[in-house]
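Numbering (the numbering used here), first residue to last: 194 to 335. Notes for the one structure printed next.
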């Protein structure tokens with residue numbers, strides 16, 4: 194089994210409830226946005242560097258997923274570029290807190306703890322789980 198398939202299968206073990214899956218489809222991209230926003234608040238180059246490091250990891254796992262994440266990250270960075278600078282930190286903090294509350298509610302409904310509590314790599318796999326949902330929906334290979 195490919196590493197990406199194994200990681201997605203492990204991640205999926207605690208994401209079988211449809212409500213929790215939909216919570217993740219909404220909240221995970223919001224968390225990615227908020228994390229990049231928090232990094233952007235330090236400096237735009239920090240957000241860009243973090244994106245490059247994540248993209249390298251995704252590229253090693255799956256080129257099609259890396260392409261999808263490149264598009265997602267590019268859109269997020271473009272949005273951050275046009276937002277007024279003073280709004281990015283408070284907006285990112287608010288989104289971060291609310292999205293994580295959503296995540297934990299989803300896991301409460303699921304009845305299982307979040308995957309990242311066992312392995313921090315799953316913080317990077319969450320966006321691929323959501324992207325995988327879209328890829329399967331549009332019959333794209335990853």
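Ideal Cβ positions, reconstructed from N, Cα and C, are used throughout, including at glycine.
For the 8 Å Cβ check, are there 3 or more pairs between the segment 293 to 311 and the segment 206 to 225? yes
Give the DSSP-derived three-state secondary structure of residue 227 in the structure shown. helix
Other residues of its chain near residue 321: CB distance less than 6 Å, five sequence neighbours each side excluded: 258
According to DSSP, simplified to helix, strand and coil, what is residue 303? helix
Taking the Cβ atom as the reference point for each residue, do residue 218 and residue 289 lie within a distance shorter than 9 Å? no
Neighbourhood of residue 326 by C-beta distance below 7 Å, restricted to the same chain and skipping five residues each side: 218
Quick check on this structure: which residue in 268, 323, 256 has the alpha carbon closest to the alpha carbon of residue 211? 323
Residues in the same chain with beta-carbon distance under 7 Å from residue 250, minus the five sequence neighbours each way, listed in chain order, please. 317
So the candidates are 255, 228, 237; which of them puts its Cα closest to the Cα of residue 201? 255
Reduced DSSP category for residue 209 - H, G, I as helix; E, B as strand; rest coil: coil
Within this structure, are the beta carbons of residue 248 and residue 240 separated by less than 9 Å? no
In terms of residues, what are the limits of the alpha helix (DSSP H) holding residue 264? 256 to 275
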